[in-house]
Amino acid sequence: MNTVKTVRELRSAVAHARKAGKRIGFVPTMGNLHSGHATLVTKAAQQAEFVVASIFVNPLQFGAGEDLEKYPRTLAADQEKLLQAGCNLLFAPTVEEMYPDGMAGQTRVSVPQLSEGLCGASRPGHFEGVATVVSKLFNMVQPDIAVFGQKDYQQLAVIRAMVRDLNMPIQIIGEPTVRADDGLALSSRNGYLSDEQRAIAPVLYRSLSQMAAAIKSGDRDFARLRAEQVEQIEAAGLRLDYLEVRQGINLRPATAEDRDLVILVAAYLGATRLIDNLHLTLD
Ligand code: PAF
1 MNTVKTVREL
11 RSAVAHARKA
21 GKRIGFVPTM
31 GNLHSGHATL
41 VTKAAQQAEF
51 VVASIFVNPL
61 QFGAGEDLEK
71 YPRTLAADQE
81 KLLQAGCNLL
91 FAPTVEEMYP
101 DGMAGQTRVS
111 VPQLSEGLCG
121 ASRPGHFEGV
131 ATVVSKLFNM
141 VQPDIAVFGQ
151 KDYQQLAVIR
161 AMVRDLNMPI
171 QIIGEPTVRA
181 DDGLALSSRN
191 GYLSDEQRAI
201 APVLYRSLSQ
211 MAAAIKSGDR
221 DFARLRAEQV
231 EQIEAAGLRL
241 DYLEVRQGIN
251 LRPATAEDRD
261 LVILVAAYLG
271 ATRLIDNLHL
281 TLD
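So in full-length UniProt numbering, spot 8 of the sequence shown is number 8, and the numbers just go up one at a time.
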C-alpha cells in the first residue's frame, strides 16, 4: 500500500489503476482507525479492485471549542490497519494541500433541511464542512463507489442527498455499525473516555434497543418511550443532546403510521459527545 500526500500523486496513482480497468472504491476517514473502519475498507475491496482510503482531520467540519486539536493522529498504526483490510492507496494530505488558499474563501457545499436538525442543531456548520470536504475528495479520487458507516446516520443521509442532487456518478454504500461486546458503537471518540465513563457509555445502545423493542411490539407512543429513556440516560450520568424517532429515509419526525424508522441519540459523557442510532423496519 502506498501513501501519498498530494493531489497530483493521488490522481496519477488512480489514473494508473483505472487504465488497468480497475473499479475504484473509496473510504474517507479522519484516521485513528478501529475495526469499524476496517469493515468499510473490506466492503470497498469486495466491490472494487482498487481501494483508496483518505485520512484527513478536516478543520472545516469542527466548530469552535470542539476537539480539532486533540483529535488523535495515529498515522503509522492506521497505515498498518488499512494494509491489513485490503487498502491499495492511502491519501493523507496536509491542511495546506486540501485548502491551499485557506478556508475563509473556500467554495462550500451545503445540503439544507437534512443538515439542520439533530447533530446539525448542536454543531452549526458541521455538515457543510463534511459535504464540502467529501465533494472535494470525490473530485480528487473520482471513485465508482464510496463506503461510509451507518453510525453517522445523518452524515450518510447528507452525503446521499449531495451525490443525488449534484449528479455525482458515485454509488454510496452504508455499512452497519460495528459494536463492542457490550453494545457501545465503535468510535474514535471512545478513546477520550475514562474507564469509569467507558463502563457507563453502553447505556445509549441499551436505550435505543429498549425503544426499538417497544416500537416493534406495537407501542407507538414515541413521546412516552422517549421520556422513559431520557430518564435512564440522564440517571446514568450523561447529558442528553437529543433522542429522536425519525423517518429513516428523510429524517423527518416519525408518525405512528411510519414503517421505516430510525432512533437517533447524542449525549455528552463528561466532555465527550457520543452518538448512536438504530434503524428499524416494521412489517
Ligand atoms: O466520518 C468521518 O470520519 C468524516 O466526517 C469524513 C466523512 C471522513 C469527512 O471528513
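Here a beta-carbon is modelled for each residue, glycine too, at the ideal position from N, C-alpha and C.
The DSSP-derived three-state label of Thr74 is coil. Across the structure, Ala157 and Tyr242 are spaced so that their CA atoms are roughly 18 Å apart.
Ile173 is the residue among Met98, Ile173, Lys136 and Gln113 whose C-alpha sits nearest the C-alpha of Gln46. The beta carbons of Ala92 and Leu75 sit closer together than 8 Å. Distances between the C-beta of Thr272 and the heavy atoms of the ligand PAF are all 7 Å or more.
A Cβ-Cβ distance of about 5 Å is found for the pair Lys81 and Leu33, placing them in contact under the 8 Å criterion. In the DSSP annotation of this structure, the continuous segment of the alpha helix (DSSP H) that includes Tyr153 starts and ends at Tyr153 to Asp165. For Val262, the pairing in a beta bridge is given by DSSP as Arg246 and His279. Counting the other Cβ atoms within 10 Å of the Cβ of His37 gives 16 or more, which makes it buried. When DSSP states are grouped into helix, strand and coil, Tyr205 belongs to the helix group. A buried status is given to Ala201, since no fewer than 16 other beta-carbon atoms sit within 10 Å of its beta-carbon.
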